[in-house]
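This report refers to the structure that appears directly beneath it.
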């Protein structure tokens, strides 16, 4: 707030300081220090693994970091492959989930085996090998001045830990990137790009003569267990050189877990709130819409739901609504009864979960239809998902066509 309201004098002084730092390549010592605040996630409070560290950096340093990021980003966008959607403008993990579902649908349609590995890196920002990352930046042809500035921002970094009002002594951090730094996500992406390029892609699934690697952690697809095992072995080797440590607990060789299972787990965790008499119905409804429903409908844009899926989703939503609005008293019988579906939706007064999914699917269809031709070849909607979209279009307007997707306003 101080920076926002200080006006031109402070802005000019910061500009002079950053220009001096840029020319001399010397960083104020205070900018090397970060305050680490551990935030409890879940589980045993005595287990340090159950805390997420939030790093607080000097505000002036963040200005320099953002300027440097703006200079590096055009180079990074040229270097990074299309498979990488994490921390990139105009990209979304929904793109990856859409491709993944299309591949699954086609393998199912033609009765082919499909194997998937979902990989998670453990505390990547803290473990990345700085020297290997600097060499990677040189390898990718990033200008020397920018590399020097990146080194300046990450070398000789120090940290203090603040917990329960107590402040630790200062200690030096010799590896990894700075948590909370605007530069860190892009630097991580460049490090991951180097790792991916070292993997032998010949065993991976191909669509339109292009191999499939989806990176928002890192996901690998193959046609046989042997192929996926070989690729995984290559990934482990390349990752170690970059300092990435694969989290074995979160790395899975599995099928997609149903969103409803996640939704039910969430529902049971907030059941007391939904039953509480201290919260109004409006608050409970907002809790469902903002917290619970997004878990169930994550990436619903890419779904091609069947009638059975729709029934399950509707049942799930009505279960939540019945918990929110409670029972209704029957004056004639003198007993409490379950509310009828029509009464539930009247009280709810919002679009149903099925309507919400259709809306998101149509929005996503418009997005896919407007993308550039060279990207469209890889992620164009396939038969089954496209059929679902066509059905939705006909429900909205019998005279509508896919060409209307080109008009964002309509």
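In the UniProt record's numbering, the protein residues as written are 1 to 410.
A virtual CB, placed ideally from N, CA and C, is assigned to each residue, including glycine.
Note that the structure is predicted; figures quoted are calculated from it, not measured.
Asked: Would you mind working out which of 13, 191 and 64 sits nearest residue 411, comparing C-alpha positions?; Found: Absent from the structure is residue 411, since the part of the chain shown begins at 1 and ends at 410.
Asked: According to DSSP, is residue 84 part of a helix, a strand, or is it coil?; Found: strand
Asked: Under a three-way DSSP split, which group does residue 8 fall into?; Found: helix
Asked: Distance check for residue 40 and residue 265, CA to CA, integer angstroms please.; Found: 20 Å
Asked: Go ahead and pull the three-state DSSP assignment for residue 392.; Found: helix
Asked: Evaluate residue 128 with the Cβ neighbour count: other Cβ atoms within 10 Å of its Cβ, from every protein chain shown; 16 or more gives buried, anything less gives exposed.; Found: buried
Asked: Using 8 Å as the threshold, is the stretch 355 to 368 in touch with the stretch 286 to 303, meaning 3 or more CB pairs across them?; Found: yes
Asked: Can you grab the Cα-Cα spacing for the pair residue 172 / residue 26, in whole Å?; Found: 18 Å
Asked: Of the residues 305, 333 and 317, which one's Cα is nearest the Cα of residue 358?; Found: 305
Asked: Using 10 angstroms around the beta-carbon of residue 293, count the other beta-carbons present and answer buried if the total reaches 16, otherwise exposed.; Found: buried
Asked: In this structure, does DSSP put residue 351 in helix, strand or coil?; Found: coil
Asked: Expressed to the nearest angstrom, what Euclidean distance is found between the alpha-carbon atoms of residue 351 and residue 71?; Found: 44 Å
Asked: Can you look up residue 336 in the DSSP assignment and give me helix, strand or coil?; Found: strand
Asked: If you follow the alpha helix (DSSP H) that residue 188 is part of, which residue opens it and which one closes it?; Found: 184 to 197
Asked: Suppose you measure from the CA of residue 333 to the CA of residue 342; what does that come to, to the nearest Å?; Found: 21 Å
Asked: Just how far apart, CA to CA, sit residue 28 and residue 274?; Found: 51 Å
Asked: Comparing C-alpha positions only, which one of 126, 15, 68 and 95 sits nearest to residue 369?; Found: 95
Asked: Return the first residue and the last residue of the beta strand (DSSP E) that residue 33 is part of.; Found: 33 to 40
Asked: Which runs of the beta strand (DSSP E) at least 3 residues long sit entirely within the stretch 272 to 342? Give them in chain order.; Found: 328 to 330 and 335 to 337
Asked: Which same chain residues, not among the five before or five after residue 323, have their C-beta less than 6 Å away from its C-beta?; Found: 274
Asked: Taking the CB atoms as reference points, tell me whether residue 122 and residue 234 lie closer together than 8 Å.; Found: no
Asked: Please list the terminal residues of the continuous beta strand (DSSP E) segment that includes residue 263.; Found: Careful: residue 263 lies outside any beta strand (DSSP E), inside the alpha helix (DSSP H) at 259 to 269.
Asked: Starting from residue 157 and walking both ways along the beta strand (DSSP E), at which residues does that stretch end?; Found: 157 to 163
Asked: Helix, strand or coil for residue 178? Go by DSSP, reduced to three states.; Found: coil
Asked: Run the CB neighbour count on residue 215, radius 10 Å, all protein chains shown included, and call it buried at 16 or more, exposed below.; Found: Reliability fails at residue 215, whose pLDDT of 48 lies under 50, so the model's placement of it is uncertain and no value is given.
Asked: For the 8 Å Cβ check, are there 3 or more pairs between the stretch 72 to 84 and the stretch 136 to 155?; Found: yes
Asked: Please report the residue range of the alpha helix (DSSP H) in which residue 168 lies.; Found: Counting along the chain, residue 168 falls outside any alpha helix (DSSP H), and DSSP gives it neither H nor E.
Asked: Who does residue 56 pair with in a DSSP beta bridge?; Found: 35
Asked: Round the Cβ separation of residue 314 and residue 354 to the nearest angstrom and send it over; I've been treating them as touching at under 8 Å.; Found: 6 Å
Asked: Go to residue 115, then tell me how far its beta strand (DSSP E) extends in each direction, as first and last residue.; Found: 115 to 119
Asked: Which residues bound the alpha helix (DSSP H) around residue 153?; Found: 144 to 154
Asked: Tell me the DSSP secondary structure of residue 357 in three-state form.; Found: helix
Asked: Within its chain, find whatever has a CB closer than 7 Å to the CB of residue 420; leave out the 5 residues flanking it on each side and keep chain order.; Found: Outside the shown range of the chain (1 to 410) lies residue 420, about which nothing can therefore be said.
Asked: Do three or more CB pairs link the stretch 150 to 166 to the stretch 101 to 109 at distances below 8 Å?; Found: no
Asked: In chain order, what residues of the same chain lie with their CB nearer than 7 Å to the CB of residue 263, ignoring the 5 residues before and after it?; Found: 292, 295, 296 and 316
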